[in-house]
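Working notes, structure below.
Residue numbers (the numbering used here): 29 to 224.
Right, dumping it as structure tokens:
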């Protein structure tokens, strides 16, 4: 099952980029997913959401859609554009949240927008940016971030250094994948190495 963060992210994306999907959702008035009403609804429907999950996502979507800088990035853009490509003889798939003429933008939510730079490294957003720039053939990438607590909005452009870190991670991942899965070396022997 999806974590609460993944559920919030999915709902937020739908509310901002594909609002028609929200109208089709099955929503229950229940205090938790352990309640009888939720479990019964889950047996009948593929996807079921608690009213609280919907309210939380609506709060963040509203903050984004009231912000002029965000609206400018959404204006005349394409949303949720899928792509499948072979990179270095391996299959990759991606879905761009927002595509503009020369830029790709991705919507993120954050527990603390002040530490988003740390989160971007922790969750590999530099790797995502590098792969997406390659796949969608764009020059720039930015992250549109909304703080889950304060609803503060951040727009973070990516630097050349950020993309270069993503490229390094990409090359290491490709090397590891080929070594362990194509050359069939023992995965139990994988070790992270570094100097502190």
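Each residue gets a CB set at the ideal place from its N, CA and C atoms; glycine is no exception. What you are looking at is a predicted structure, and each value in this text was computed from that prediction instead of being measured.
Residue i vs residue j beta-carbon contact at 8 Å
i           : j           : result
residue 35  : residue 43  : no
residue 157 : residue 191 : yes
residue 127 : residue 164 : yes
residue 155 : residue 198 : yes
residue 123 : residue 106 : no
residue 205 : residue 118 : yes
Exposure label - residue i; buried when at least 16 CB within 10 Å
i           : result
residue 159 : buried
residue 102 : buried
residue 125 : buried
residue 77  : buried
residue 65  : exposed
residue 194 : buried
residue 69  : buried
residue 81  : buried
Supposed close pair residue i, residue j - CB separation, criterion 8 Å
i           : j           : result
residue 173 : residue 203 : That pair is no contact at about 31 Å.
residue 40  : residue 135 : 7 Å
residue 104 : residue 132 : 14 Å between Cβ atoms; not a contact.
residue 175 : residue 141 : 4 Å
Cα-Cα separation, residue i to residue j
i           : j           : result
residue 208 : residue 114 : 19 Å
residue 145 : residue 224 : 20 Å
residue 152 : residue 79  : 31 Å
residue 87  : residue 149 : 26 Å
residue 196 : residue 85  : 34 Å
residue 100 : residue 168 : 16 Å
residue 147 : residue 57  : 33 Å
residue 59  : residue 177 : 20 Å
residue 143 : residue 187 : 17 Å
residue 45  : residue 55  : 20 Å
residue 73  : residue 47  : 20 Å
residue 121 : residue 95  : 30 Å
residue 185 : residue 213 : 39 Å
residue 38  : residue 221 : 35 Å
Contact with chain C by residue i, beta-carbon distance below 8 Å
i          : result
residue 52 : The structure shown contains no chain C; it is built from a single protein chain.
Residue i CB to nearest heavy atom of the ligand SAH below 7 Å
i          : result
residue 41 : The ligand SAH is not part of the structure shown, which contains no ligands of any sort.
Whether or not the segment 180-195 and the segment 90-98 are in contact is what I'm after, with contact meaning three or more pairs of Cβ atoms, one per stretch, closer than 8 Å; do they touch? The segment 90-98, when compared against the segment 180-195, does touch it at the 8 Å Cβ threshold.
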